[in-house]
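K.L.:
Residue numbers (the working numbering): 940 to 1258.
First the structure, then my questions, so here it is.
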Amino acid sequence: MKVHHDSDSEVFKCHHCNFHTKWKHYLRKHVKARHGSEEFKCNQCNFTAKLKQYLVQHVKVHYDSEEFKCNQCNFTTKLKQYLLRHVKARHGSEEFKCNQCNFTTKLKQYLLTHVKARHGSEEFKCNQCNFTTKLKQYLLKHVKVRHGSEEFKCEFKCHHCGFGTIRKYDLLRHVKARHGSEEFKCNQCNFTAKLKQYLVQHVKVHYDSEELKCNQCNFATKFKKHLQTHVKARHGSEEFKCNQCNFTTKLKEYLLVHVKGHHRSEEFKCNQCNFTTKLKQYLRRHVKVNHGSNRFKCHKCSYITKWKSCLVKHNLRKH
């Protein structure tokens, strides 16, 4: 391996790409990880790495005996650093507050990232296109993925479009987000996403860390929409009446559900048992609960559900 060294500025440059550093061992690590041919393979799964220490860290995931448990909740992990991060984020008393908005976090690095991304005046611009960002690492990633050499840029290609990336994970994520048919729906608004993590992130918009209390009774919730629905249903004066029976409700959507469920002639039948219903969503729910094999498990405790939306709510409320 040749090391290009600029003696004036004490910079070590990679002769394969534009990477440079002031530390010789970082250059060696970079060359080995990005340009080396040797690979370290996990003998328990398909994981591969060009640096031995990455394999060593990965293998810990398969060690059942090496579990680290939180002594304040049911959280368990096979990596010590994840436990330390969990304890700090979930049970730590120290909070880091943004002095420019209401953002708070228990992890300092999250605050630094937030300040840079939301309030930073400095912008990093790509000199090959119009891309701009307030985070330097995003610019580096953009340049590597979009404008890198053909060797890296096209290592993983999408067969649906011209997308290319240096990481397999990014390709899988792209295919799921751009070409996948599955959608994750928010149960509080019309938002939909093809990636579960986008839904989880979106749900936080409806979620308040402090409890929202009704000023007319003891009802409390962390979701603004739930409070609005409660006030309308319990304390509102407007009523919606069914013109086919004596049913009344303070919520228009409840009247629509009532009419569909009680006065429609059309029936939806389950093709796996004798269940019938006048509401299509009830049939879907029935099939999922009674005939579905999918289970959504919380990776932080023993909670299991057949509903993704319930898992999202559980994570927001409990963890």
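Ideal Cβ positions, reconstructed from N, Cα and C, are used throughout, including at glycine.
Remember, it's a predicted structure, so these values are computed and weren't measured experimentally.
Compute the Euclidean distance between the alpha carbons of Arg1024 and Arg1256, then round it to the nearest angstrom.
P.N.:
Roughly 19 Å between the two C-alpha positions.
K.L.:
In three-state terms, what does DSSP make of Thr1244?
P.N.:
Strand.
K.L.:
Do you know how far the Cα of Gln1140 is from the Cα of Leu1195?
P.N.:
For Leu1195 and Gln1140, the distance between alpha carbons rounds to 30 Å.
K.L.:
For Leu1195, which three-state DSSP category applies?
P.N.:
If DSSP states are grouped into helix, strand and coil, Leu1195 belongs with the helices.
K.L.:
CB-CB under 6 Å to Thr1244, same chain, minus the five flanking residues each way: which ones, in chain order?
P.N.:
Excluding positions up to five away in sequence, the list reads Phe1235 and Leu1250.
K.L.:
Decide if Val1228 is buried, meaning its Cβ has at least 16 other Cβ atoms within 10 Å, or exposed.
P.N.:
Exposed: under 16 other Cβ atoms inside 10 Å.
K.L.:
Whose CA, out of His997, Lys991 and His1197, lies closest to the CA of Lys1019?
P.N.:
Closest option to Lys1019, Cα to Cα, is His997.
K.L.:
Using the three-state DSSP reduction, which class does Lys1115 fall into: helix, strand or coil?
P.N.:
Note: Lys1115 maps to helix in three-state DSSP.
K.L.:
Just grab the DSSP bridge partners of Phe1235 for me.
P.N.:
Paired residue(s): Thr1244.
K.L.:
So, does the CB of Phe1042 fall closer than 8 Å to a CB anywhere in chain B?
P.N.:
This model lacks chain B altogether; it includes just one protein chain.
K.L.:
My understanding is that Leu1151 touches Lys1161, with C-beta atoms under 8 Å, so please give their C-beta distance in whole angstroms.
P.N.:
Leu1151 to Lys1161, Cβ: 7 Å. Contact.
K.L.:
Using DSSP's beta-bridge definition, name the partner residues of Ala1132.
P.N.:
DSSP, once it has assigned bridges, lists Phe1123 as partnering Ala1132.
K.L.:
Phe1102 to His1253, Cα distance in whole Å?
P.N.:
Phe1102 and His1253: Cα-Cα distance of roughly 35 Å.
K.L.:
Got a sec? Which residues, its chain only, sit under 8 Å from Glu1034 by beta carbon, not counting five neighbours each side?
P.N.:
Closer than 8 Å at the Cβ level, and outside the excluded window around Glu1034, lie Thr1043, Thr1044 and Lys1045.
K.L.:
Give the single residue among Ser1060, Glu1061 and Asn1038 whose Cα lies nearest to the Cα of Leu1050.
P.N.:
Among Ser1060, Glu1061 and Asn1038, the Cα nearest to that of Leu1050 belongs to Asn1038.
K.L.:
Give the range of the alpha helix (DSSP H) segment to which Val1228 is assigned.
P.N.:
Per DSSP, Val1228 belongs to the alpha helix (DSSP H) from Lys1219 to His1230.
K.L.:
Quick one: what does DSSP say Leu1051 is sitting in, helix, strand or coil?
P.N.:
Reduced to three states, the DSSP call for Leu1051 is helix.
K.L.:
Out of Cys1040, Lys989, Cys1065 and Glu1192, state which residue places its alpha-carbon closest to the alpha-carbon of Gly1059.
P.N.:
Comparing Cα positions, the closest option is Cys1040.
K.L.:
How is His1258 classed by DSSP in three states: helix, strand or coil?
P.N.:
Coil.
K.L.:
Compare the beta carbon distance of His1209 and Leu1222 with 8 Å and say whether it is the shorter of the two.
P.N.:
At residue 1209 the sequence reads Cys, which differs from the His that was named. In contact: Cys1209 and Leu1222 (Cβ atoms closer than 8 Å).
K.L.:
Just to confirm my understanding: we take Glu1178, look at its own chain, exclude 5 residues before and 5 after, and list those with CB closer than 8 Å. What are they?
P.N.:
Thr1187, Thr1188 and Lys1189.
K.L.:
Whose C-beta lies closer than 7 Å to the C-beta of Leu966 among residues of the same chain, with five residues either side of it excluded?
P.N.:
Correct list, in chain order: Val942, Phe951, Cys953 and Thr960.
K.L.:
Apart from the five residues on each side of it in sequence, which residues of its chain come closer than 8 Å, Cβ to Cβ, to His969?
P.N.:
So the qualifying residues of the chain are Cys953, Phe958 and Thr960.
K.L.:
Taking the beta strand (DSSP E) that Ala1159 falls in, what are its first and last residues?
P.N.:
Its beta strand (DSSP E) spans residues Ala1159 to Phe1162.
K.L.:
How would you call Thr1215, buried or exposed, if buried means at least 16 neighbouring beta carbons within 10 angstroms?
P.N.:
Flag for Thr1215 reads exposed.
K.L.:
How long is the line joining the alpha carbons of Val1142 and Ala1132, rounded to whole angstroms?
P.N.:
Val1142 and Ala1132: Cα-Cα distance of roughly 11 Å.
K.L.:
Could you pull out every unbroken alpha helix (DSSP H) segment of at least 4 residues lying fully inside the segment 1026–1072, listed in chain order?
P.N.:
Counting only runs of 4 or more, we get 1047–1053.
K.L.:
Between Glu1061 and Thr1071, is the Cβ-Cβ spacing less than 8 Å?
P.N.:
Not closer than 8 Å, so no.
K.L.:
How many Å lie between Cys1068 and Val1082 at the Cα?
P.N.:
Answer to the nearest angstrom: the Cα atoms are 9 Å apart.
K.L.:
When burial is assigned at 16 or more other CB atoms within 10 Å of the CB, is Glu949 buried or exposed?
P.N.:
Glu949 comes out exposed.
K.L.:
Locate the alpha helix (DSSP H) running through Thr995, then write down its first and last residues.
P.N.:
It should be pointed out that residue 995 corresponds to Val in this sequence rather than to Thr. First-last of the alpha helix (DSSP H) with Val995: Lys991 to Val998.
K.L.:
Going by Cα to Cα distance, which pick from Lys963, Leu1078 and Arg1029 is closest to His1258?
P.N.:
Nearest option by C-alpha distance: Arg1029.
K.L.:
DSSP three-state label for Lys961, please.
P.N.:
Lys961: coil per DSSP, three-state reduction.
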